[in-house]
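Novice: In order, the protein sequences belong to chains A and B.
Using my numbering, the letters of the first sequence correspond one by one to residues 1 to 429.
Using my numbering, the letters of the second sequence correspond one by one to residues 430 to 858.
Just so it is clear, CB atoms sit at the ideal spot from N, CA and C, and this is done for glycine as well.
2 protein chains.
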Amino acid sequence: MLNIPDSKYKRIVIIGAGFAGLNLAKQLRNKPYQVVLLDRNNFHQFQPLFYQVAMAGLEPSSITFPLRKIFQSCNNVLIRVAELEGISPDTKRIQTNQGEIYYDHLVLAMGATTNFFGNENIKQHAFPLKSVSESLALRNSIFEDYEFALLEEDYQRRQGFIDIVIVGGGPTGVELAGALAEMKSHILPKDYKELDSAEVDIYLVQGADRLLKGMSNKAGDAAKKYLESMGVNLIFNTYVVDCDGTHATLKGGEKIHANKVIWAAGITCYKIPGLPEDCYERGNRIKVNAKLGIEAYPDISVLGDQAYTTEEAFPQGHPQVAQVAIQQGKYLAKQFLKPSTASFKYKDLGSMATIGRNKAVVDLPNVKFKGFFAWLLWLFVHIRSLIGRKNKLFVFINWMWNYVTYDQSLRLIIKPANRSSQSKKGTEV
Amino acid sequence: MLNIPDSKYKRIVIIGAGFAGLNLAKQLRNKPYQVVLLDRNNFHQFQPLFYQVAMAGLEPSSITFPLRKIFQSCNNVLIRVAELEGISPDTKRIQTNQGEIYYDHLVLAMGATTNFFGNENIKQHAFPLKSVSESLALRNSIFEDYEFALLEEDYQRRQGFIDIVIVGGGPTGVELAGALAEMKSHILPKDYKELDSAEVDIYLVQGADRLLKGMSNKAGDAAKKYLESMGVNLIFNTYVVDCDGTHATLKGGEKIHANKVIWAAGITCYKIPGLPEDCYERGNRIKVNAKLGIEAYPDISVLGDQAYTTEEAFPQGHPQVAQVAIQQGKYLAKQFLKPSTASFKYKDLGSMATIGRNKAVVDLPNVKFKGFFAWLLWLFVHIRSLIGRKNKLFVFINWMWNYVTYDQSLRLIIKPANRSSQSKKGTEV
Chain A
1 MLNIPDSKYK
11 RIVIIGAGFA
21 GLNLAKQLRN
31 KPYQVVLLDR
41 NNFHQFQPLF
51 YQVAMAGLEP
61 SSITFPLRKI
71 FQSCNNVLIR
81 VAELEGISPD
91 TKRIQTNQGE
101 IYYDHLVLAM
111 GATTNFFGNE
121 NIKQHAFPLK
131 SVSESLALRN
141 SIFEDYEFAL
151 LEEDYQRRQG
161 FIDIVIVGGG
171 PTGVELAGAL
181 AEMKSHILPK
191 DYKELDSAEV
201 DIYLVQGADR
211 LLKGMSNKAG
221 DAAKKYLESM
231 GVNLIFNTYV
241 VDCDGTHATL
251 KGGEKIHANK
261 VIWAAGITCY
271 KIPGLPEDCY
281 ERGNRIKVNA
291 KLGIEAYPDI
301 SVLGDQAYTT
311 EEAFPQGHPQ
321 VAQVAIQQGK
331 YLAKQFLKPS
341 TASFKYKDLG
351 SMATIGRNKA
361 VVDLPNVKFK
371 GFFAWLLWLF
381 VHIRSLIGRK
391 NKLFVFINWM
401 WNYVTYDQSL
411 RLIIKPANRS
421 SQSKKGTEV
Chain B
430 MLNIPDSKYK
440 RIVIIGAGFA
450 GLNLAKQLRN
460 KPYQVVLLDR
470 NNFHQFQPLF
480 YQVAMAGLEP
490 SSITFPLRKI
500 FQSCNNVLIR
510 VAELEGISPD
520 TKRIQTNQGE
530 IYYDHLVLAM
540 GATTNFFGNE
550 NIKQHAFPLK
560 SVSESLALRN
570 SIFEDYEFAL
580 LEEDYQRRQG
590 FIDIVIVGGG
600 PTGVELAGAL
610 AEMKSHILPK
620 DYKELDSAEV
630 DIYLVQGADR
640 LLKGMSNKAG
650 DAAKKYLESM
660 GVNLIFNTYV
670 VDCDGTHATL
680 KGGEKIHANK
690 VIWAAGITCY
700 KIPGLPEDCY
710 ERGNRIKVNA
720 KLGIEAYPDI
730 SVLGDQAYTT
740 EEAFPQGHPQ
750 VAQVAIQQGK
760 YLAKQFLKPS
770 TASFKYKDLG
780 SMATIGRNKA
790 VVDLPNVKFK
800 GFFAWLLWLF
810 VHIRSLIGRK
820 NKLFVFINWM
830 WNYVTYDQSL
840 RLIIKPANRS
850 SQSKKGTEV
């Protein structure tokens, strides 16, 4: 049972506490609505820094924040850890794994998940990076495989443990490749003297003819030069069509011997039982009007990665990035608090990616630059965007520490013992 | 394969990188021995603060430290992540899950594990707290159960989720009970306004007639008063004889309705295939002589919790605490570097336990005290003992933050996605 008490206020149910859902819910704190915020986790996660968790540069707790702490100061936002299983738009109810609930207004802000393009092998063997849990799994696997490499006498098998293929040349792929290259040059020679770090090969496979397609040519070229100078093997204009836990197979049939394939090649949205097929656009995004509502269901809005809407400047839909989600969350909050006829207008604040120490690329609306100042701006913007003063402080200290020492102390293979949710089972008996 | 290269130096194999094994290995850095340090984890863990990880007061990374980073500066210490499976003392070889290896001298420093006294129900349902992984599992379960409680309409079942039974009145049990009581009064009313925190019952079941049997009567009495004032239900002179995931059963047959039972009631050491039965003392500790060697096997030493040796002041054996392990590790290192006839002598530096904010008990050799200054001393000693300057800094900031705000931001239910060790499997195919 979701166990939501009756209220004299209208009930807004928000699915997902990512950038869009969280910003909407925050604006509705202590306002005359009953807000029910559902997420599968009890925390908000800061996606732009997942790759740093995976590379043991930051702790999960530094880039996540407990939802309940964000809403301590208000009584009208009810948080439930639950997963959406379906919608009945005609009766205005949703089904979740914890029961059914009525809504006056439903907001879908579920984000997107990894797109494996229907390839079951890749889904089973490759490592995605769309949650802090997946980032931790990748971190554990990287360091487990270095340990396995030490135990392996056979040269070929050892290479399989230490070589890594990254698929996708967007920000995640580029940032991962840079971080791995830095680990190869600064960490491996100290931690794994018995391995020859020169033998560690990092491949980045990009379907297009350049990196960072969402950014300027200048940024893409700079990222290419940075990564090449750091020893990353860049492969353009090709796809990874298969992987089996020991090899990645390229479109032309060529195989790369690497047990670990990191999949940052695309995203897709969730299909929701109960929504008619004609609601969906490319990538399962849901078509909405200029006020972010589904045309056929005036009581359902969609935000962020999951929403598909166009404006003059974005005829192909908005990019699926944090800024769009944040601005849409705030826009919808305004519509609830002070309804107007204004359409949603996305204000592009620019985009950036970091490749490594002193190496970043920044596209602002009026200027594009790279190098040390781009890197500084990247640090500043990301620290500023984190939730929680302690998180900001800890990330700042971590980054400064890393900058001075070239060496974090987070290379820990830690997994919770297999015990949790025991008592739940106990109760069900 | 453990893949240890040949060396012109004698090979010391150390099993376990806890306080004893780690301190021994550290003293042997860059000395004329080949040191092979085996542990099941790639990190050292600081046991005295496990309970703070479980109570979301500290992050696992703050109280653990990567072994490879500790030994970056030396070439003679080889680290392998492996588990001991047996010893062949006659041929001086050990078997591990990663293969066999020869030793010139073997040091067993494996610590101890939870003693469930042969009760399979308790082993299956209760939560132990002897590793950082188990601490995380407990943390996840506590916060999952608060979330489940919100979803539960039935009063009795809801109580099952929020009430907790702690078994064992030693330092771990006392510190856990205090931390839970503080969470009940400072966190629950803010994070879970929908629950009545007054309904949360915390039980501490102790077999003896007082708490902290390893410390003075004065300390035990003070701990009792502190916990009573914080609302913990203390039950003396009885045992928990069973638990099934919904109830804990006491010796007299009385049942406490609580899904979660935390088991801090005793420890036992590991039995090692290949060591004759007559090597073992009570609790599977291994009998050693005054120089920490097994009498029948002069090439095997035992340290820390796993060792059983007596001196005049400790006719029942040394207490199984960190200080003994540290001093034994350092003693044995001296014997390797500059052999002498000196027996191991334990210098008791005192003991302490913290119950909560401004509440701790300290037994020093010459003075026993409690309260704010005991608490300050506890903080100071524990920060000083942590490995790594960044860990010291982060723990300090965390504790100060908590002291000022009464509120951490670590109440996160995070589990690595179920993906790691995939590539290992891939290779085995």
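Distance cutoff 9 angstroms, beta carbons only. Does Asp191 (chain A) sit that close to anything in chain B?
Specialist: So yes, Asp191 (chain A) belongs to the interface.
Novice: Check the Cβ-Cβ distances between Ile413 (chain A) and every residue of chain B, and say whether any is below 9 angstroms.
Specialist: By this cut-off, Ile413 (chain A) is an interface position.
Novice: Kindly indicate the opening and closing residues of the alpha helix (DSSP H) around His382 (chain A).
Specialist: Element bounds for His382 (chain A): 372-385.
Novice: Could you name the residues of the region 12-44 of chain A whose beta carbon sits closer than 9 angstroms to any beta carbon of chain B, in the order they occur along the chain?
Specialist: Residues passing the 9 angstroms Cβ filter: Asn41, Asn42, Phe43.
Novice: Could you have a look at Asn646 (chain B) and say whether DSSP puts it in helix, strand or coil?
Specialist: Asn646 (chain B) falls in the helix class under three-state DSSP.
Novice: Beta-carbon within less than 6 angstroms of Ile63 (chain A)'s beta-carbon, same chain only, minus the 5 sequence neighbours each way: which residues are those?
Specialist: Closer than 6 angstroms at the Cβ level, and outside the excluded window around Ile63 (chain A), lie Phe46, Leu49.
Novice: Any heavy atom of the ligand MG closer than 8 angstroms to the CB of Ser780 (chain B)?
Specialist: Absent from the structure shown: the ligand MG. Ligands present: none.
Novice: Per DSSP, which one or two residues make a beta bridge with Trp263 (chain A)?
Specialist: According to DSSP, which records beta bridges pairwise, Trp263 (chain A) is partnered with A:Val167.
Novice: In chain order, what residues of the region 703-727 of chain B put their CB closer than 9 angstroms to some CB of chain A?
Specialist: Flagged: no residues at all.
Novice: By the 10 Å Cβ neighbour count, where 16 or more other Cβ atoms means buried, how is Arg282 (chain A) classified, buried or exposed?
Specialist: Exposed, since its Cβ has fewer than 16 Cβ neighbours within 10 Å.
Novice: So with CB distances below 7 angstroms, who are the chain A contacts of Val561 (chain B)?
Specialist: Under the 7 angstroms cutoff, chain A gives Ile414.
Novice: Taking Cβ positions, are Ala54 (chain A) and Leu188 (chain A) nearer each other than 9 angstroms?
Specialist: No.
Novice: Tell me which residues of the region 576-607 of chain B have at least one Cβ-Cβ distance to chain A shorter than 9 angstroms, keeping chain order.
Specialist: Answer in chain order: Glu576, Phe577, Leu579, Leu580, Glu581, Glu582, Arg586, Gly589, Phe590.
Novice: Examine chain B for any beta-carbon lying closer than 9 angstroms to the beta-carbon of Thr268 (chain A), and answer yes or no.
Specialist: With 9 angstroms as the cut-off, Thr268 (chain A) does not count as an interface residue toward chain B.
Novice: At least one CB of chain A closer than 9 angstroms to the CB of Ser626 (chain B): is that the case?
Specialist: Closer than 9 angstroms: no.
Novice: In chain B, which residues lie with their C-beta within 9 angstroms of the C-beta of Asn75 (chain A)?
Specialist: Lys622, listed in chain order.
Novice: Using the rule of at least 16 other Cβ atoms within 10 Å of the residue's Cβ for burial, across every protein chain shown, is Lys370 (chain A) buried or exposed?
Specialist: Counting Cβ neighbours within 10 Å, Lys370 (chain A) comes out buried, since at least 16 surround it.
Novice: Roughly how many angstroms lie between the CA atoms of His257 (chain A) and Pro461 (chain B), to the nearest whole one?
Specialist: Roughly 39 angstroms between the two C-alpha positions.
Novice: Go ahead and label Gln585 (chain B) buried or exposed: buried means 16 or more other beta carbons lie within 10 angstroms of its beta carbon, across all protein chains shown.
Specialist: With fewer than 16 other Cβ atoms within 10 Å, it is exposed.
Novice: Hey, which unbroken runs of the beta strand (DSSP E) at 3 residues or more fall wholly within the region 34-120 of chain A?
Specialist: Here the runs fully enclosed are 43-45, 64-66, 77-81, 84-88, 93-96, 99-102, 105-108.
Novice: Are Val241 (chain A) and Lys251 (chain A) close, meaning C-beta to C-beta below 9 angstroms?
Specialist: Yes, they are a contact pair.
Novice: Within this structure, are the beta carbons of Gln481 (chain B) and Ala608 (chain B) separated by less than 9 angstroms?
Specialist: Yes, these two residues count as a Cβ contact at 9 angstroms.
Novice: Using the C-alpha atoms, what's the distance from Gln757 (chain B) back to Tyr775 (chain B)?
Specialist: Whole-angstrom Cα-Cα distance: 8 angstroms.
Novice: By the three-class DSSP mapping on this structure, what secondary structure does Lys424 (chain A) have?
Specialist: At Lys424 (chain A) the pLDDT is 47, less than 50, meaning the model places this residue with poor confidence; the figure from the coordinates comes in the next sentence. The answer is helix: DSSP assigns Lys424 (chain A) an H, G or I state.
Novice: Looking only at C-alpha atoms, which of A:Ser385, A:Ala325, A:Val367, A:Asn121 sits nearest to Lys218 (chain A)?
Specialist: For the residues A:Ser385, A:Ala325, A:Val367, A:Asn121, the minimum Cα distance to Lys218 (chain A) belongs to A:Val367.
Novice: Thinking C-alpha only, which one of A:Thr405, A:Ile383, A:Asn398, A:Thr354 is nearest Gly173 (chain A)?
Specialist: Comparing Cα positions, the closest option is A:Thr354.
Novice: Please determine, among A:His318, A:Asn358, A:Lys255, A:Ser301, the residue with the shortest C-alpha to C-alpha distance to Ala223 (chain A).
Specialist: Ala223 (chain A) has its Cα closest to that of A:Asn358, out of A:His318, A:Asn358, A:Lys255, A:Ser301.
Novice: Give every residue of the same chain whose Cβ lies closer than 8 angstroms to the Cβ of Gln605 (chain B), excluding the five residues on either side of it in the sequence, and list them in chain order.
Specialist: For the record, residue 605 (chain B) in the displayed sequence is Leu; it is not Gln. Result list for Leu605 (chain B): Tyr480, Ala483, Met484, Leu558, Ile595, Ile691, Ala693, in chain order.
Novice: Answer yes or no: does any C-beta atom of chain A fall closer than 9 angstroms to that of Ser852 (chain B)?
Specialist: Unreliable placement is indicated for Ser852 (chain B), whose pLDDT of 44 sits below 50; no coordinate value is reported for it.
Novice: Which residue comes first and which comes last in the beta strand (DSSP E) that contains Met781 (chain B)?
Specialist: Met781 (chain B) -> beta strand (DSSP E) spans 780-785.
Novice: For Gly293 (chain A), which residues does DSSP report across the bridge?
Specialist: In the DSSP output, where bridge partners are listed per residue, Gly293 (chain A) has A:Ser301.
Novice: Give every residue of the same chain whose Cβ lies closer than 6 angstroms to the Cβ of Gly528 (chain B), excluding the five residues on either side of it in the sequence, and list them in chain order.
Specialist: If we look at Gly528 (chain B) and ignore the five residues flanking it on each side, its Cβ neighbours are Met430, Leu431.
Novice: Between Val107 (chain A) and Pro60 (chain A), which are expected to be in contact by the criterion C-beta below 8 angstroms, what is the C-beta distance as a whole number of angstroms?
Specialist: 27 angstroms between Cβ atoms; not a contact.
Novice: DSSP three-state call for Ala307 (chain A): helix, strand or coil?
Specialist: Note: Ala307 (chain A) maps to strand in three-state DSSP.
Novice: What residues of chain A sit near Asn432 (chain B), judged by a beta carbon separation below 9 angstroms?
Specialist: Result: Leu150, Leu151, Glu152, Glu153, Glu194.
Novice: What is the DSSP secondary structure of Arg282 (chain A), reduced to helix, strand or coil?
Specialist: Arg282 (chain A): helix per DSSP, three-state reduction.
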